[in-house]
Amino acid sequence: MLKYGFGGKLLRVNLTEKIFKIEKISSSWIKPLIGGRTTNTQRLYDELDPNCDPLGEDNIIIFGVGPLTGSILPASAYFIVTAKSPLTGILGDSAAGGSFGPEMKQTGFDQIIITGKAKGLLYLMITDKEVEFIPATNLSGKTIVETTCYIRKKHKDYAIQVAAIGAAGEHQVLYSTIVSSGNRVNGRTGMGAVLGSKNLKAIAVRGGSDVNIARPEAFLQSCMEGRRDIIESQPHYEAYHAYGTPALLSSTAPAGVIAVRNYQRNTFEDWEALSGETLKREFVKTMRGCASCHVACGPFHNVQAGEFAGTFGEGPEYASAELGILMDCNNLAAELKYQELCNQLGIDIYSAGTGIAWAMECYERGILTDEDFDGRPLSFGDYQSVVDIVPKIAYRQGFGNILAEGEKRAPKLVGQGSEKFRYHVKGQSPVTEDPRAHKGFGLQNLTGTRGADHLKGNVLYMRHILRHTQINMDISGEGLMMDLRCPDGVGRAVKWGEDMTATLNSVGMCTRTLGSIQILTRLLCSATGVDFTDEELLVIGERIFNVQKAFNARQGLTRKDDDYSVPEKFTKEPIKDGPCKGMIFERDLMLDEYYQTREWDVETGLQTIKKLDKLGLMHVAEELEKVNAIK
Amino acid sequence: MDISKCTGCKKCETACAFFHTKQVSNHLSRIKVLNLYENGIDSPVVCQQCNERYCINECPNEALSIGSLGEILVDMDVCSLCANCEDACPIGAIQLFNDEVLVCNLCSGDTECIMACTEEALSFETQEENSSLSEYKLTSVKLTPSQKRFEYVRKQGIELRKTWRENRA
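Here the protein sequences come in this chain order: A and B.
For reference, each letter of the first sequence is one residue, going 2 to 632 in the numbering used here.
For reference, each letter of the second sequence is one residue, going -14 to 154 in the numbering used here.
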């Protein structure tokens, strides 16, 4: 039984039978796995039938928190949702901050494991004392905020936190999301569709138990260190605190790193209309933070005049600002409206946005015509058409029904060579930083275990976290900032970035704030009372990344899947304009280096028995041997 | 309290519980943060040391008294856990949990919540006259503490949103 830092229990819910079971979590899990993403992954790997239908009854969806989630430590509000993804057909997992994780932690359940399928729409009310299955047919079609308010009012408790799906999840749009705390999104890999397929509208949590800290004094001291470290050494702290992540646009847009018009160009003159500064000046009322975090990088905005008056919410993130550029739209209010609709209807803005940009290019090239759209056609620069299509995606109407099928299927439905303009990896579209210009982003898109991914490689922050370690020296010489436009060293950087991110996801922390692994180790030791070393923490990250890789290898993925859907676009066609003109994506060079650093087989991209043995994963290796997916 | 600065991060809430009990639990906190996603207002609710002192008036056992800083002091030896104070408070700032009466004691002037807040949304000032909560009293009858806090924040939020519109104009 886990005593400190954990609730120590897990909850199994079977929706078909409407029953639940509470189990104790064995303390043997903590040393090799910690919690959060790692325990979720291991459990899914152990318990899921790899051939199951992601939208069927057999799929398992797991909510998990880590030992530091919800503590007084800043940036420790994360919870992770893991299931087999309906979008990609492989491992799906997605993290979110806000206040849901901390509240879930106080219910005493470190994991909530949901299986089966309810007969009618319902929601779960989970407290430390009971689990209720409450009919929710009246909540059908309701937005996230409406659902949250309804549940709070019904139970007469406004501290209840709700993670819900919107109309998109109910209609099983393949990239639908789970949204909690109003605007905090488990965005990628279609976790909302999995909940929708189970007829589960929402999970409401309200904790009443308390979480004990093993050594409170030491923990407090480490928290103070962590807080100071974020303020003093996080390179973007000031900018995030003032503008949120869109602040990054002012460095990347002029550098020609961002893709314009669905990767046709790389210069966008009017980027200032979408920048963090403009956002702050025009619309932001205050900043919003996740539980316990002083970075407060969520700009709360309210549009008060013009055609999109009344729009409000948190955000946008940097990556959603990029989407405006991808669609060649420079109207910030429209972008905020687009985001509000996506969040409240429960759609992943990246998969939807890149899909819209793809349709725009198809329209420009005459593959799609006016008749294909029942209404305003999607064309570059037409922001109104973007805002109009979002509800159609959520409710699967007209052309929205095609876009709702996701990255792999939608181009097949359109045909006529449209596949050539839909760029994704393993069925998930990347955030639109051009891989040819930003090699680090490019490579982590290929190697991400949940498809193209900018959050699980995190190369931008990795050096910062490892700055006092030998690893940083090994990657970037004298601990200098590595130039991510040069392919050398990117493979190594991505490997360490992925491992470190996995560790942070496991303890329940935000991946882009804390700046030192030494502090993290001290925090974890004082909170749980278990002794860890810095090296052990990194190995935990590496171990779980290997389990995630094995999850996908078990389903037959190899090196050829670690590639863009249209590789020649990036490896052969150089960037046409801007400061990065002429650059291409040196895929093979970086992938080779990456596999070598991981000690995997370079030729096939598969793991090796030797490496898995070293990580204490022989049980995984044995299973992979059965399906011939290991070298 | 300046709710226009509040980010809703709940640092004050976790800090309060942690310093009083060394545990992580928002139930044990004496300051409670509400996130109103429907109108985008976040705000902490805590004892205002109000003019009326509804809680003291309703206590049948004289377990509550006023301390040197104006804070409410609880004498658990004579408290009968009747929850009259909880019912009386118009803003839900005093509450029973696990056989204990939780109300802000101003940490003897060294307030942990204010130190935890990085946004300067909380401050501690001695005023000539205590504020009045009578405008919240009538509408708070028969509500749970959580509902009372919600109504309190909602009303303040309406005022805050007015200033957004004025600033815009």
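Glycine residues also receive a C-beta, built at the ideal position from the N, C-alpha and C atoms.
Return no unless some Cβ of chain A is closer than 8 Å to the Cβ of residue i.
i         : result
Gly94(B)  : no
Arg15(B)  : no
His12(B)  : yes
Arg150(B) : yes
Glu114(B) : no
Tyr22(B)  : yes
Thr103(B) : yes
Gly142(B) : no
Gln34(B)  : no
Lys147(B) : no
Leu107(B) : no
Lys195(B) : Because residue 195(B) is not part of the residues shown, which for chain B are -14 to 154, the question remains open.
Quick one, are the C-beta atoms of residue i and residue j less than 8 Å apart?
i         : j         : result
Asp454(A) : Gln445(A) : yes
Pro130(B) : Glu71(B)  : yes
Cys526(A) : Asp535(A) : no
Ile81(A)  : Arg13(A)  : no
Ala78(A)  : Pro51(A)  : no
Glu104(B) : Cys32(B)  : no
Ile394(A) : Leu379(A) : no
Phe101(A) : Leu11(A)  : no
Leu74(A)  : Cys224(A) : yes
Val388(A) : Leu327(A) : no
Leu524(A) : Gly227(A) : yes
Can you give me the start and stop residues for the alpha helix (DSSP H) that residue i sits inside?
i         : result
Asn303(A) : No alpha helix (DSSP H) contains Asn303(A), which is instead part of the beta strand (DSSP E) from Gly299 to Asn303.
Val195(A) : Met192 to Ser198
Gly46(A)  : It should be noted that the sequence gives Tyr, not Gly, for residue 46(A). Tyr46(A) -> alpha helix (DSSP H) spans Gly37 to Glu48.
Ile152(A) : Ile145 to Lys155
Phe571(A) : Pro568 to Thr572
Pro392(A) : Tyr384 to Ala395
What residue does the beta strand (DSSP E) around residue i start on, and which one ends it?
i         : result
Ala84(A)  : Phe80 to Lys85
Glu600(A) : Note, Glu600(A): premise wrong, no beta strand (DSSP E); not H, not E.
Lys202(A) : Leu201 to Arg207
Ala96(A)  : Leu92 to Ala97
Ala165(A) : Gln162 to Ala165
Asp349(A) : Neither: Asp349(A) is in no beta strand (DSSP E) and is coded neither H nor E.
Phe3(B)   : Per DSSP, Phe3(B) belongs to no beta strand (DSSP E); it is in the alpha helix (DSSP H), Lys(-4) to Thr6.
Asn90(B)  : That residue, Asn90(B), is in no beta strand (DSSP E); it is neither H nor E in DSSP.
Arg229(A) : Unbroken run through Arg229(A) is the alpha helix (DSSP H), Pro217 to Ser234; no beta strand (DSSP E).
Arg283(A) : First, the residue type needs correcting, since residue 283(A) is Glu and not Arg in the sequence shown. Taken as a continuous stretch (DSSP letters only), Glu283(A) belongs to no beta strand (DSSP E), being part of the alpha helix (DSSP H) at Gly277 to Glu283.
Asp111(A) : Phe110 to Thr116
Phe313(A) : Phe313 to Glu315
Asn187(A) : Arg185 to Asn187
Could you check if residue i is buried or exposed, using at least 16 other CB atoms within 10 Å of its CB as the buried criterion?
i         : result
Gly121(A) : exposed
Gly416(A) : exposed
Thr207(A) : Note on residue identity: the sequence assigns Arg, not Thr, to residue 207(A). Buried is the call here.
Met361(A) : buried
Thr138(A) : exposed
Ser566(A) : buried
Asn267(A) : buried
Leu123(A) : buried
Asn459(A) : buried
Can you check whether the C-beta of residue i is within less than 8 Å of a C-beta belonging to chain B?
i         : result
Ala649(A) : No answer is possible for residue 649(A): the residues shown for chain A start at 2 and end at 632.
Pro217(A) : yes
Asp535(A) : no
Leu3(A)   : no
Asp158(A) : yes
Met328(A) : no
Ile20(A)  : no
Phe301(A) : yes
Glu479(A) : The predicted position of Glu479(A) is uncertain, since its pLDDT is 49 and thus under 50; a value taken from the coordinates is nonetheless stated next. Closer than 8 Å: no.
Met288(A) : yes
His295(A) : yes
Gln222(A) : no
Cys291(A) : yes
Met482(A) : Its pLDDT being 46, under 50, Met482(A) is placed unreliably in this model, and the coordinates cannot settle the point.
Gly183(A) : yes
Val132(A) : no
> In the stretch 138 to 150 of chain A, which residues sit with their C-beta less than 9 Å from some C-beta in chain B, listed in chain order?
Replying inline: Ile145, Val146, Glu147, Thr149 and Cys150
>> Along the stretch -7 to 5 of chain B, where does the CB come closer than 7 Å to a CB of chain A? Name the residues.
In response: Gly(-7), Cys(-6), Lys(-5), Lys(-4), Thr(-1), Ala0 and Phe3
>> Closer than 7 Å between beta carbons: that is the criterion. Which residues of the stretch 65 to 77 of chain A meet it against chain B?
In response: Flagged, chain order: Gly71, Ser72 and Ile73.
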